[in-house]
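The structure appears right after this line, and notes come after that.
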Amino acid sequence: MSELDLTYHKRYQDIKIPDAYATLILDVLNGDHSNFVRSDELDEAWRIFTPLLHQIDSDQVVPLPYEYGSRGPKGVDEFATERAGYKLSSREYHWQPRPTSASGKL
Numbered sequence: 139m140s141e142l143d144l145t146y147h148k149r150y151q152d153i154k155i156p157d158a159y160a161t162l163i164l165d166v167l168n169g170d171h172s173n174f175v176r177s178d179e180l181d182e183a184w185r186i187f188t189p190l191l192h193q194i195d196s197d198q199v200v201p202l203p204y205e206y207g208s209r210g211p212k213g214v215d216e217f218a219t220e221r222a223g224y225k226l227s228s229r230e231y232h233w234q235p236r237p238t239s240a241s242g243k244l
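In structure tokens:
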């Protein structure tokens, strides 16, 4: 597993980033469907997840607590190894910002 760093305001300080809704509206106007699911995909997602959601509600599943900014609950690495064969690398993830030009564009 790796760190997912979504701190755009740190990485792209000199770049204007449009908000998410403006981007989606522009996609619609341009006919770009890549950020939207088809109705058959949505139906299939509900078919798969509805039983899981019902089980979570009926069993009153309690989430495992973990410290903010950590890799997740205790045992998550072992779970991923046992269930999916994931092998944790000993290397740590560190974000390396890309240099920007004088105009602020990447």
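Quick note on numbering: this note's numbering labels position 95 of the sequence shown as 233, and the sequence is numbered without any gaps.
For each residue, glycine too, the CB sits at the ideal point set by N, CA and C.
- Cβ contact annotation for Thr-219 (same chain, cutoff 8 Å, sequence separation greater than five): Lys-225 and Leu-226, in chain order.
- Taking C-alpha positions only, Asp-157 is separated from Asn-173 by approximately 15 Å.
- The DSSP-derived three-state label of Lys-148 is helix.
- Minimum Cα-Cα distance from Val-200 among the listed residues Pro-211, Gly-207 and Tyr-206 corresponds to Pro-211.
- The DSSP-derived three-state label of Ile-194 is helix.
- Shown here, Val-166 sits in a helix according to DSSP, grouped into three states.
- Beyond the five residues adjoining it in sequence on each side, Val-175 comes within less than 6 Å, by CB distance, of no other residue in the same chain.
- Residue state for Pro-189 is assigned as helix, using DSSP reduced to three classes.
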